[in-house]
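This report concerns only the one structure given below.
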Amino acid sequence: MLSYRHSFHAGNHADVLKHLVLTLILETLKQKEKGFFYLDTHSGVGRYSLSSAEAEKTGEYVEGIARLWDRCDLPEEVALYVQEIKKINRGKLRYYAGSPLLAVNQLRPQDRALLTELHPADYPLLRQEFAKIQNVTTKRENGFQQLKSALPPKEKRGLVLIDPPYELKEDYELVVKAIIEGYKRFATGIYAIWYPVVLRQHTKRIIRGLQETGIRKILQIELSVRPDSDQRGMTASGMIVINPPWQLEAQMKKVLPYLTSVLTPEKTGSWTVEWITPE
164 MLSYRHSFHA GNHADVLKHL VLTLILETLK QKEKGFFYLD THSGVGRYSL SSAEAEKTGE
224 YVEGIARLWD RCDLPEEVAL YVQEIKKINR GKLRYYAGSP LLAVNQLRPQ DRALLTELHP
284 ADYPLLRQEF AKIQNVTTKR ENGFQQLKSA LPPKEKRGLV LIDPPYELKE DYELVVKAII
344 EGYKRFATGI YAIWYPVVLR QHTKRIIRGL QETGIRKILQ IELSVRPDSD QRGMTASGMI
404 VINPPWQLEA QMKKVLPYLT SVLTPEKTGS WTVEWITPE
């Protein structure tokens with residue numbers, strides 16, 4: 164379909180969770196001198212203007228990144244993420260960094276990134292954003308296929324972010340199939356899967372599918388802004404991380420109560436950190 168545009172949703176509560184987890188994983192990878200590989204399967208454009216017609220139409224960032232922007236009580240882990248967003252702004256919140264820009268801004272010379280995007284309008288913007296960066300490659304290709312063609316990386320260390328739009332019900336099955344293909348080739352890699360909670364049954368399909376793979380060390384991290392509902396709209400989102408850094412579970416258990424209180428001042432939120440399959 165290729166109708167989904169992330170510019171309508173940039174900086175919302177789901178982005179906050181996704182990009183906080185991404186930032187913490189990248190920080191861990193950087194603790195070793197040896198280079199790592201970053202693969203972003205559904206990159207979008209990389210940078211989003213929060214004054215665009217799309218962002219202004221929904222205003223979702225107001226209940227996401229904007230609620231963290233001026234706070235002085237940020238936990239250290241959340242402050243790391245917010246600081247990354249502040250790097251592309253000059254004091255005032257004008258732009259939001261998508262996952263590729265967040266990741267690329269943390270790369271060292273020995274690290275490498277592959278960013279893929281299939282949308283015909285988004286890909287040229289992605290290519291332009293990163294055209295002059297030597298250790299970054301952009302491709303207009305099916306992101307799911309990259310778990311076959313781009314793995315294993317020569318670096319032998321890396322993070323794969325899988326963040327499809329879930330426009331089609333098939334995307335939930337495609338995520339599991341892509342993980343199976345990638346894991347066969349790169350079993351020691353870190354895989355981070357973002358998912359929305361629109362209908363809980365779809366989320367359960369991914370979890371059940373991953374359990375059936377037999378893969379171990381799968382951690383689920385979820386932030387809900389309101390209870391599950393059969394009405395239209397995303398009530399929660401989560402990250403499923405395969406081979407998570409050892410400290411990620413404790414980090415998220417520390418910061419999610421804070422995020423829940425700040426992002427849902429109406430006290431309608433909740434959070435979960437639990438193992439889908441332990442080690």
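In terms of the working numbering, the sequence shown opens at residue 164 and continues consecutively.
Virtual Cβ for every residue (Gly too), placed ideally from N, Cα, C.
query: Determine the closest residue to R379 out of A242, V361, V404, with distance taken between C-alpha atoms.; result: V404
query: Can you tell which of Q383, L180, L202 has the C-alpha that lies nearest to the C-alpha of E240?; result: L180
query: Enumerate in chain order the residues of its own chain whose CB-to-CB distance from I251 is below 6 Å, with the five nearest sequence positions on each side excluded.; result: Y258, A260
query: Between the segment 278-290 and the segment 190-210, do three or more beta carbon pairs fall short of 8 Å?; result: yes
query: So is L314 buried or exposed if we call it buried at 16+ other beta carbons inside 10 Å?; result: buried
query: Which full runs of the alpha helix (DSSP H) of 4+ residues lie inside the segment 171-195, going along the chain?; result: 176-192
query: Under the rule that 16 or more other beta-carbon atoms within 10 Å means buried, what is A413, buried or exposed?; result: exposed
query: Closest to E318 by C-alpha separation, out of T351, P328, L265, would be which residue?; result: T351
query: Would you mind listing the alpha helix (DSSP H) stretches within the segment 330-400 that are 4+ residues and don't spill past its ends, in chain order?; result: 333-348, 363-376
query: Quick one: is T221 buried, meaning 16 or more other Cβ sit within 10 Å of its Cβ, or exposed?; result: exposed
query: What are the residues that DSSP puts in a beta bridge with V404?; result: A355, L382
query: Which of the three DSSP states is assigned to E437 in this structure?; result: strand
query: DSSP state of K122, grouped into three classes?; result: Residue 122 lies beyond the residue range present for the chain, which begins at 164 and ends at 442; the question has no answer from this structure.
query: Indicate the three-state DSSP secondary structure (helix, strand or coil) for R290 in the structure shown.; result: helix
query: Hey, Y244 and H182: beta-carbon distance below 7 Å or not?; result: yes
query: Just to confirm my understanding: we take V418, look at its own chain, exclude 5 residues before and 5 after, and list those with CB closer than 6 Å. What are they?; result: P238, E240, V241
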